[in-house]
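First up is the structure itself, then whatever we jot down about it.
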Amino acid sequence: MSLISILLPLTGLFLSMSQTILSQSTTEAPYPVTCVTRGADLMDAGVVVLCPPDCTQWRVSVFGTGVYASVSSVCGAAVHRGVLSPSGGPVKVHKLQGRYNYMSSYAHGIQSQPLTRWSNSFSLTKPVNVPLELTSDTSTTARPAAAPPVRKPPKKPSVKKALTGGNKDCQMDIAMVIDGSNNIGQRRFNLQKNFVAKLSAMLRVGPTGPHVGVIQASDSPRTEFLLTNYTQPKELLSAIKEVAHLGGNTNTGRAILHAAESFFLQENGGRRGHPRVMMVLIDGWPSDDLEQAATLARESGINVFLVSVAKPAPEELTMVRDEDFVKKAVCRDNGFFSYLIPSWFSTNKHVKPLAQRLCSHDGLLCSKTCFNSVNIGFLIDGSSSVGEGNFQLVLDFLVGIARSFDISDVGARVGAVQFTYDQRLEFGLSDHVDKEEVVEALKRIPYMSGGTATGGAISYTMQNLFRRTGPGRNFLIVVTDGQSYDDVRIPALDAQKHGITIFSVGVAWAPMDDLRAMSSQPKDSHTFFTREFTGLDEFVPPLVRAICRDFTENN
């Protein structure tokens, strides 16, 4: 018998088996992949794949947490997510749109990496009703995946959809900290997710409405998804449904600290000038201390709401670390930021009133900090005695102050006036609503050169820079290097009567009497002096702290 006559039937048998496997992969049977198969290599949405064992021993690339960039290893991401054990098995892959800011984290032996942006994403869940014959006796050798089919380009979202949608009266950035402890258990954890989903639906998330992200509190906090990962209601509700219970202790303080430090950063999806809200859900009581973390959150302008479900019974109070944990955690202990729900089985009636609180601009007292609420005017001496080189050092000093504040159309605002005998409005408080624009505008101010009439400049600034602003948040920083040819005391008092707090910064030959006559009370904390222009930079931190102190005392 010839070799060909033997091989031909075997070839036919092999082709027949291949066709059978491929037909199964396109129906309900898992599709075999390797440890390095990427999400981008899969064509179908919702496909079930069969991962080989020991993928943790490969150098797999995983980008993201919970939601993964499509260049990630599917099996590596599944292990990282916790839906696949190191021994391999089936997982279901859900195709998603591209995202910004994929977060890195370490979980189940896999270190995922951050990624600024990618065009497509996927998430993973455990499949249901997988055929048994393909889930047992998986080979220890990774089987090569079939060549991926040609994929159609993703459908581009319509411009109309991208620019509209969401509750425009509730443009908040909201972090929801959920309880993932052993104490809550799987059943109540699912009820908690249902409550969060209903609350999110009531908030009406959208690109121009509220943005919602989720952090799970456990032994260590885990960011489930960021504020900008899901800005469409359907996607958001699906993401909430997929959150897996972690277990462990109720370390809510660590979760609050984690959120306060990084969750609202612009690189993580936080929007400049939008109120920051953190809603913390606790089943019973926390395992750790909340006070330090909550203080940081308040100082960062975050409005912390604490929703306590099933508060401790009298006989359980001995196990509670701090009975006043609610009062210490919330933005203000005024009853508005604390909310009690008796049971997870009676949450429906609490959805609407809680949503109304989260969207109440007037009630969000912690949003208003010195960093995002002040109007700062710079009154700059452009006289001949300063000189071109020193004038640039003055501008560098003012840039350092401007960079310390959250400048936006709804946040802090900065304007500048230069003076000699004359005055020139360099730019108004509303001319630049972006920090970098303000910085560039300061750097471009041309040096005037001339005499020194500081009193007239103060009056000019009050009338032209602060004419339409409210009291309690207006600050004028006067920088001069010499004696004024006109009176400074009366214009300064007039400005202060109109709600403008004045800081005087003197250099070189500026007389202390003039500086103290201009500055607000108490004089010592509102007057600064240095012999050299190079010493101005040292005043940036104390000046910023002084502005914040005055703002806090007056508001």
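Counting in the numbering used here, the sequence shown runs from 943 upward without gaps.
Every residue gets a Cβ at the ideal spot worked out from N, C-alpha and C, and that includes glycine.
Helix, strand or coil at residue i according to DSSP, with G and I counted as helix
| i | result |
| --- | --- |
| tyrosine 1427 | coil |
| glycine 1068 | The residue asked about is misnamed: residue 1068 is lysine in this sequence, not glycine. It is coil, neither helix nor strand. |
| leucine 1478 | helix |
| serine 1047 | coil |
| threonine 1170 | coil |
| glycine 1331 | helix |
| phenylalanine 1206 | coil |
| tyrosine 1231 | Sequence check: residue 1231 is aspartate here, not tyrosine. Note: aspartate 1231 maps to coil in three-state DSSP. |
| alanine 987 | coil |
| threonine 1494 | helix |
| histidine 1292 | helix |
| proline 1217 | coil |
| arginine 1196 | helix |
| serine 1061 | strand |
| proline 1464 | coil |
| leucine 1307 | helix |
| serine 1078 | Residue confidence for serine 1078 is low, a pLDDT of 33 falling below 50, so the modelled location carries little weight; the figure read from the coordinates is stated next. Serine 1078 falls in the coil class under three-state DSSP. |
| valine 1101 | With a pLDDT of only 34 at valine 1101, under 50, the local geometry of the prediction cannot be trusted, and the value read off the model is given with reservation. Valine 1101: helix per DSSP, three-state reduction. |
| proline 1510 | Outside the displayed span of the chain (943 to 1497) sits residue 1510, for which this structure offers no information. |
Backbone CA spacing between residue i and residue j [nearest angstrom]
| i | j | result |
| --- | --- | --- |
| valine 1101 | glycine 1107 | Its pLDDT being 34, under 50, valine 1101 is placed unreliably by the model, and the measurement read from it follows with that caveat. Roughly 11 Å between the two C-alpha positions. |
| aspartate 1492 | aspartate 1373 | 25 Å |
| leucine 1485 | glycine 1397 | 22 Å |
| leucine 1335 | alanine 1452 | 16 Å |
| leucine 1188 | serine 1204 | 21 Å |
| glutamate 1233 | asparagine 1193 | 12 Å |
| serine 1047 | arginine 1299 | 32 Å |
| serine 1325 | leucine 1457 | 17 Å |
| leucine 952 | arginine 1130 | Its pLDDT being 44, under 50, leucine 952 is placed unreliably by the model, and the measurement read from it follows with that caveat. Each residue's alpha carbon lies about 56 Å from the other. |
| methionine 1454 | phenylalanine 1369 | 29 Å |
| leucine 1367 | valine 1154 | 41 Å |
| asparagine 1043 | aspartate 996 | 29 Å |
| alanine 891 | glycine 1024 | Absent from the structure is residue 891, since the part of the chain shown begins at 943 and ends at 1497. |
| valine 1482 | cysteine 977 | 53 Å |
| tryptophan 1227 | asparagine 1125 | 9 Å |
| serine 1401 | cysteine 1273 | 39 Å |
| lysine 1176 | cysteine 1301 | 20 Å |
| tryptophan 1060 | methionine 1045 | 12 Å |
| aspartate 1225 | asparagine 1496 | 38 Å |
| threonine 998 | proline 1028 | 7 Å |
| phenylalanine 1137 | threonine 979 | 36 Å |
| glutamine 1438 | aspartate 1423 | 22 Å |
| glycine 1329 | glutamine 1425 | 16 Å |
Start and end residues, alpha helix (DSSP H) containing residue i
| i | result |
| --- | --- |
| alanine 1117 | Per DSSP, alanine 1117 belongs to no alpha helix (DSSP H); it is in the beta strand (DSSP E), 1115 to 1121. |
| cysteine 1312 | 1312 to 1315 |
| threonine 1150 | Counting along the chain, threonine 1150 falls outside any alpha helix (DSSP H), and DSSP gives it neither H nor E. |
| isoleucine 1126 | It is not in any alpha helix (DSSP H) - isoleucine 1126 carries neither H nor E in the DSSP assignment. |
| alanine 1020 | 1016 to 1023 |
| arginine 1458 | 1454 to 1460 |
| leucine 1179 | 1175 to 1184 |
| valine 1009 | Taken as a continuous stretch (DSSP letters only), valine 1009 belongs to no alpha helix (DSSP H), being part of the beta strand (DSSP E) at 1009 to 1011. |
| alanine 1271 | 1267 to 1271 |
Continuous beta strand (DSSP E) stretch holding residue i: start and end
| i | result |
| --- | --- |
| glycine 1448 | 1442 to 1449 |
| alanine 1416 | The question names alanine, but residue 1416 is asparagine in the sequence shown. Where asparagine 1416 is concerned, the enclosing beta strand (DSSP E) stretches over 1416 to 1422. |
| asparagine 1245 | 1244 to 1251 |
| phenylalanine 1369 | 1365 to 1369 |
| phenylalanine 1471 | 1469 to 1472 |
| alanine 1358 | 1355 to 1361 |
| leucine 1026 | Note, leucine 1026: premise wrong, no beta strand (DSSP E); not H, not E. |
| leucine 1188 | Per DSSP, leucine 1188 belongs to no beta strand (DSSP E) and is neither H nor E. |
| serine 1280 | 1280 to 1283 |
Cutoff 7 Å; reference residue i; Cβ partners in own chain excluding five residues on either side
| i | result |
| --- | --- |
| lysine 1110 | Thr1150, Gly1151 |
| leucine 1199 | Ala1235, Leu1238 |
| arginine 1022 | At residue 1022 the sequence reads histidine, which differs from the arginine that was named. So the qualifying residues of the chain are Val1004, Ala1049, His1050, Ile1052, Ser1054. |
| valine 1185 | Lys1135, Val1156, Gln1158, Glu1166 |
| alanine 1019 | Val1004, Tyr1010, Leu1066 |
| threonine 1173 | Val1147, Gly1148, Pro1149, His1153 |
| valine 1035 | Gly981, Leu984, Val989, Val991, Val1016, Phe1064, Leu1066 |
Cut-off 6 Å between Cβ atoms - residues of its own chain near residue i, not counting five sequence neighbours on either side
| i | result |
| --- | --- |
| phenylalanine 1471 | Gly1448 |
| serine 1229 | Asn1191, Thr1192, Asn1193 |
| valine 1380 | Ala1344, Ile1349, Val1356, His1374 |
| asparagine 1062 | Ser1012, Gly1040 |
| threonine 1170 | Tyr1042, Gly1211 |
| asparagine 1406 | Leu1367 |
Own chain partners of residue i with C-beta closer than 8 Å, once the 5 adjacent residues on each side are dropped
| i | result |
| --- | --- |
| lysine 1385 | Leu1337, Val1341 |
| tyrosine 1427 | Tyr1363, Gly1393, Thr1394, Ala1395 |
| arginine 1432 | In the sequence as presented, arginine is not what sits at residue 1432; that position holds isoleucine. Cβ within range, chain order: Gly1397. |
Only counting runs of 4 or more residues, tell me where the alpha helix (DSSP H) segments fall wholly within the segment 1382 to 1407, in order along the chain. 1396 to 1406
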